[in-house]
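Residue numbers (the UniProt record's numbering): 1 to 354. Okay, so here's the structure we're looking at.
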């Protein structure tokens, strides 16, 4: 039976090592994919900026009379639009966003400090703590071309649709009402930096990740910057045919200790009866394995009882040596004492010479 247990433990350890190795490979692949997507997004944005710079320079040099019309031909519907991949927020790997702490929440008022709509204040519509982006309501809009197959599926004939572009956190600043010490009135203040406390990513019991907002303060002060109030989820409307809570909490099944919850045949169908990872076995199987262990032990004892004449002679000599240990004579003891004294004198002489 011990061999069965050891074989199961070895199989479990091997499976754990294999799973850990595979998990490492999957994480590396996901991280590489995320970095590649972020790099592709940056390259696409750089292409847009470069082309627009070239077009703007060409139109400036040629003037309005000679500047070419670009919204013709196959670009008649798509000119001036952006790729849908740029509108979507990049998906990062956990190793890339595990240190992200979002100072913004849905409902916050922010001011845009870079790019389009700079200086305008809007309300945050959506925050992505796993990518470092957010969307502001009615600001930073962009046109993107809708493919024909998507229009047919959505039953919308518009070839161009406006969407909110994702904005990086470092391109916006928080706008928060603070009390003026001189006047005593609340005024909107642009907060350059926010002190976040107890915020970050935590791992849940089921292995998933969850972002905790924590608390935010003005740096160096105890003035809290409260999070915007969120709408409480609407309570479900009760009906006459709903199941009562007292009926739900009533225990209708009581398992027995001496009786399985289902027939053994059904248990064998649900699990692999001959799995190497099985840890519980039937009493008949355990008795069979214990009988095999006893038989092996009995055979080992029989092998010890059977011996050859040479083995018997060696055993007899060993017993005689144990019964009659050798004793040193007085001459041998005296000689040993002389040798020890001589060695001691030699050691003292070496120490004195040094």
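Every residue, glycine too, gets a C-beta built ideally from N, C-alpha and C. Quick caveat: nothing in here was measured; it's all calculated off a predicted structure.
- Counting only residues of its own chain and dropping the five nearest sequence neighbours on each side, residue 224 has a CB closer than 6 Å to the CB of 217.
- According to DSSP, residue 201 shares a beta bridge with 211.
- Within the model, the alpha-carbon separation for residue 310 versus residue 319 is close to 14 Å.
- Taking a C-beta distance under 8 Å as the contact criterion, residue 175 and residue 109 qualify as a contact pair.
- The region 164-180 and the region 135-142 touch, with three or more beta-carbon pairs separated by less than 8 Å.
- Closest in alpha carbon position to residue 213, among 100, 346, 300 and 111, is 100.
- A contact between stretches requires three or more CB pairs, one per stretch, nearer than 8 Å, and the region 55-68 fails this requirement with the region 120-130.
- Here the alpha carbon of residue 11 sits roughly 7 Å from the alpha carbon of residue 276.
- Spanning the alpha carbons of residue 301 and residue 20 requires a straight line of approximately 44 Å.
- Beta-bridge annotation (DSSP): residue 137 is not paired with any residue.
- Between the alpha carbons of residue 195 and residue 104 lies a gap of roughly 12 Å.
- Considered as a whole, the region 237-307 harbours 245-249, 264-270 and 283-305 as its complete alpha helix (DSSP H) runs of no fewer than 4 residues, in chain order.
- In the three-state reduction of the DSSP assignment, residue 27 falls in the helix class, which pools H, G and I.
- Rounded to the nearest whole angstrom, the C-alpha separation of residue 51 and residue 76 is 17 Å.
- In this chain, the beta strand (DSSP E) harbouring residue 163 covers 160-164.
- Inter-residue distance for residue 191 and residue 133 is about 18 Å (C-alpha atoms, whole angstroms).
- Going by C-alpha positions, residue 1 is about 25 Å away from residue 263.
- Considering only 60, 35 and 106, the residue with the shortest C-alpha distance to residue 94 is 35.
- A straight-line Cα-Cα distance of about 22 Å links residue 31 and residue 16.
- The beta carbon of residue 171 sits closer than 7 Å to those of 112, 113, 114 and 115, all from its chain and outside the five residues before and after it, given in chain order.
- Residue 321: member of the alpha helix (DSSP H) spanning 309-323, first to last residue.
- Proximity to residue 231 across 107, 269 and 341 peaks at 107, based on C-alpha coordinates.
- Just so you know, the alpha carbons of residue 324 and residue 315 end up roughly 14 Å apart.
- If you draw a 10 Å sphere on the C-beta of residue 97, you find 16 or more other C-beta atoms in it, and that means buried.
- It is roughly 7 Å from the alpha-carbon of residue 199 to the alpha-carbon of residue 215.
- Where residue 337 is concerned, the enclosing alpha helix (DSSP H) starts and stops at 330-353.
- The alpha-carbon separation between residue 70 and residue 169 amounts to approximately 34 Å.
- By the CB criterion at 8 Å, residue 29 and residue 92 fall outside the cutoff.
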